[in-house]
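J.: Residue numbers (this note's numbering): 3 to 498.
1) Using only the alpha-carbon positions, how far apart do residue 198 and residue 259 sit?
2) What separation, rounded to the nearest whole angstrom, lies between the Cα atoms of residue 201 and residue 169?
3) Counting beta carbon pairs with one atom in the segment 127 to 137 and one in the segment 153 to 165, are three or more of them shorter than 8 angstroms?
4) Cutting at 7 angstroms between CB atoms, please list the residues of its own chain near residue 256, excluding the five before and the five after it.
5) When burial is assigned at 16 or more other CB atoms within 10 Å of the CB, is residue 154 buried or exposed?
6) When the distance is taken between beta carbons, is residue 186 closer than 8 angstroms to residue 328?
7) Would you call residue 436 buried or exposed, if buried means 16 or more other Cβ atoms sit within 10 Å of its Cβ?
8) So, for residue 48: in the same chain, excluding its five sequence neighbours on each side, which residues have a beta-carbon less than 6 angstroms away from its beta-carbon?
9) In chain order, what residues of the same chain lie with their CB nearer than 7 angstroms to the CB of residue 64, ignoring the 5 residues before and after it?
10) Who are the near neighbours of residue 434 in its chain, counting only those whose CB is closer than 6 angstroms to its CB and skipping five residues on each side?
11) Please specify which runs of the alpha helix (DSSP H), each continuous and at least 4 residues long, are wholly inside the segment 270 to 317, giving them in chain order.
12) Since residue 399 and residue 227 should fall inside the 8 angstroms C-beta cutoff, what is the C-beta to C-beta distance between them, to a whole number of angstroms?
13) With a threshold of 8 angstroms on Cβ separation, who are the neighbours of residue 240 within its own chain once the five nearest residues in sequence on each side are excluded?
14) Is the distance from the Cβ of residue 207 to the Cβ of residue 245 below 8 angstroms?
15) Give, in chain order, every unbroken run of the beta strand (DSSP E) that is at least 3 residues long and sits entirely within the segment 386 to 462.
16) With a threshold of 7 angstroms on Cβ separation, who are the neighbours of residue 350 within its own chain once the five nearest residues in sequence on each side are excluded?
17) Can you tell me whether DSSP reads residue 251 as helix, strand or coil?
18) Using a 10 Å radius around the Cβ and a threshold of 16 neighbouring Cβ atoms, would you call residue 61 buried or exposed?
19) Tell me, which residues are paired with residue 131 by DSSP?
20) I want to know whether the segment 458 to 466 touches the segment 406 to 416 - three or more CB-CB distances under 8 angstroms.
21) Between the segment 386 to 399 and the segment 418 to 425, can you find at least three pairs of beta-carbon atoms closer than 8 angstroms?
22) Just how far apart, CA to CA, sit residue 448 and residue 117?
23) Kindly identify the DSSP beta-bridge partner or partners of residue 206.
24) How long is the line joining the alpha carbons of residue 173 and residue 470, rounded to whole angstroms?
25) Cα separation between residue 10 and residue 40?
26) Need the endpoints of the alpha helix (DSSP H) that residue 227 sits in, please.
27) Measure the alpha-carbon distance for residue 360 versus residue 428 and round it to whole angstroms.
28) Compute the Euclidean distance between the alpha carbons of residue 336 and residue 326, then round it to the nearest angstrom.
29) Which class does residue 137 belong to by DSSP, given the choice of helix, strand or coil?
30) I'd like the list of long-range same chain contacts for residue 216, defined as Cβ closer than 6 angstroms, with 5 residues on each side in sequence excluded.
31) Using the three-state DSSP reduction, which class does residue 325 fall into: helix, strand or coil?
32) Please report the distance separating the alpha-carbon of residue 16 from that of residue 231.
33) Over the uninterrupted alpha helix (DSSP H) stretch that includes residue 112, give me the two end residues.
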């Protein structure tokens, strides 16, 4: 099992437990490639630490190593294609890491690749997905039994993807330019579907910021809290003529809305939940929505009626039957899923295609780089509302390596200030002796930190400095990442 990116211990603890148990029973050879350490490292056969954003280059190095090692076993055309696009290995803390991954992958009869959704934060997400596809194609050519699964960091994220929320995908995760899939949906819906991808959230916000969006309708999302570059998001939302927000909670985005539509929460409406494995489970309503809130389907019907249009189908059972008819992985499922749920199925072999060229190696960072994600006891921004969870994880923290802490004369539990070119936050320091130098981690789950205020749109990870709180207030504005000086750790091997 190859785990790429993220921290499985904190973000997917059930998966971590299953992997750890399997590795200790010698049922699975565990391989890790990530920027952040996790508890699984102790049970892994190979651990490769990479710089944040360096995952694509490291995967390209693994593919190049597989070609170099197993070249005689590859068809001539594949070998030539891959040889023309392979690049050198990405520099890592362990320079022979990709080679050891290659040896381990060649040994196994089957390979499962688990991909952290954390990689989707990076501007290099597309390059990383291309190199993952290269790797899977090459392993399939080498006769390996393959499986791949995303380790999502949000509840029901796979279910949402299945429904077609991605801008370049139709329901069922089929490409929007798939003529056959698009034709089937056109026949069912009686509406034309363009073959070009739609605008993703970043593109929508950019259009808003340019004054090209009259009304923006946001349902169940809080971009003002969650999307990088809080200032940019605020300007974009303010530039719309009409901002409608449909949500269960009083989020930051609700606070700037022109119209708020209170929506039902968990347990207040019937639906389905799809876990990381693709298992679909039925969720039954067991209480009425609080106050004046309505079910989400009822709200969509209400809004459509204001425009003298009727949504069809509109009843939960009818909608599920349409999903089961139109989405391949759901075909054959019925309302009676049973207590154990049911598995979706997918095409076990990825479509063949040309190999993608490897990305350029990322430049070595000479300053601290901030990454984020979930901590062990929180997920997103909603779990912080739980009084029980707050008894075990109530305080935000800043995590960094012992080496960096020593360089900056910082100690565990110090109050520190993390400052970027965009903003700053204050929290308690957590020194992790397993962290690689140069990496700073702040959980995204604490609303009061306004973590996205530190980040710039399109930039991840984010360059920062870290200082003890009283020193930060003494040095003031001059101590910023662009002004090298006190509070910026010199990384091993970097020039002064």
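Even for Gly, the Cβ is constructed at its ideal location relative to N, Cα and C.
T.: Well, looking at it:
1) 30 angstroms
2) 6 angstroms
3) no
4) 247, 249, 262
5) buried
6) yes
7) exposed
8) 33, 102, 103, 106
9) 100, 103, 104, 137
10) 401
11) 298 to 308
12) With a Cβ gap of about 19 angstroms, residue 399 and residue 227 do not count as contacting.
13) 258
14) no
15) 399 to 403, 417 to 421, 426 to 434, 441 to 445
16) The predicted position of residue 350 is uncertain, since its pLDDT is 47 and thus under 50; a value taken from the coordinates is nonetheless stated next. Answer for residue 350: no residue qualifies.
17) coil
18) buried
19) According to DSSP, which records beta bridges pairwise, residue 131 is partnered with nothing at all.
20) no
21) no
22) 25 angstroms
23) None; residue 206 has no bridge partner.
24) 49 angstroms
25) 7 angstroms
26) 225 to 228
27) 39 angstroms
28) 7 angstroms
29) helix
30) 243
31) helix
32) 32 angstroms
33) It is not in any alpha helix (DSSP H) - residue 112 instead sits in the beta strand (DSSP E) that spans 112 to 118.
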